[in-house]
Amino acid sequence: MKACLFLAAFLTMSPALAADQPSCAPWADMKKALAEKFHEVQIGGGLINEKLLMAVFASAGGATWTTVGVNADGSSCVLAVGTDWFLTKPAAPVPGGRES
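First residue of the sequence shown? That's 535 in our numbering, and the numbers climb one at a time after it.
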């Protein structure tokens, strides 16, 4: 529910990016729509909790990006959209530091 409220607020603040963006769809349809409409592919992701995965999509060169929440039942909803995606290099490990 919180993700849906956040999504609604975010999409109203970013109408240009969200105009053709599907808000919720089955996972396979979401991946297809992001690939066809925005030329985005999944570049990463992680678990939000035991029932929700976050997937990150970006276009080649990072012109556009989308984060999607994927539920255990296969439904998925856009969490955020943006432009100018960039990657950072992981920091070198600190001797004696905590491993991640």
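The beta-carbon is built from N, C-alpha and C at its ideal position, and this holds for glycine as well.
Nearest-angstrom Cα distance between G603 and A597?
21 Å
Which of the three DSSP states is assigned to F591 in this structure?
strand
Which residues does DSSP pair with W599 in a beta bridge?
A592 and G616
Where T595 and A625 are concerned, what is the direct C-alpha to C-alpha distance, given to the nearest angstrom?
It should be pointed out that residue 595 corresponds to Gly in this sequence rather than to Thr. In a straight line, the C-alpha of G595 is about 22 Å away from that of A625.
Does the separation of the CB atoms of S557 and V615 fall below 8 Å?
no
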